[in-house]
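Participant: According to the UniProt record's numbering, the stretch in the sequence shown is residues 1 to 163, in order.
For glycine and all other residues, C-beta sits at the position ideal for the given N, C-alpha and C.
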Amino acid sequence: MIGVAVSRIVESRNPDFPVGKLMCSTLGWRTKSVVDVNKPGDARLPKPYILPDFQGLPASLGVGFLGMPGNTAYFGFLEICKPKPGEVVVVTGAAGAVGSIVGQIAKIKGCKVIGFAGSDDKVKWLLEELGFDAAYNYKTKDIAEALEEAAPEGVDCYFDNES
């Protein structure tokens, strides 16, 4: 199955990809793969790249928080929304990989964060573990009512992960 993977290089003829280093690629979920990083591939897929040293942290960070979801959250939120302390941020898909990171960045920036997720367990996680100011199950709570309740003065940024 094709998917983003973190791989340890066990043999290499390319000095930019030394043995022992971790790389991120869309090789798929396999035990072993052979890659020619100089060969043109599918232009829709990112080229393989060497991961930084995570200093003992899990290599899976390379495909999560420090990979595509983290970059989507970081640049999408900070470059598009340009949050300021005290602003109200609404995040849909708030319990997902991107939404949960957006919410945490927003909290670090001093924003009030309102999240929407698809289950009561996810809502509980957003409130108790991630520190969202308000969170709602969009399947059981009217969204307009929830926003009136949590942000009666309005919303400054709406980060939509559902479209």
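#1: R8 bridges to which residues according to DSSP?
#2: Tell me A134's beta-bridge partners as DSSP assigns them.
#3: Could you check where the beta strand (DSSP E) with T92 kicks off and where it finishes?
#4: In this structure, does DSSP put I2 in helix, strand or coil?
#5: Using 8 Å for Cβ pairs, my map puts P85 next to C111. What's the rounded Cβ distance?
#6: Give a yes or no on whether the C-beta atoms belonging to A117 and A95 are separated by under 8 Å.
#7: Tell me, please, whether the stretch 141-160 touches the stretch 74-82 by the rule of three or more beta-carbon pairs shorter than 8 Å.
Facilitator: This is what the structure holds:
#1: L22
#2: I114
#3: 88-92
#4: coil
#5: 7 Å
#6: yes
#7: yes
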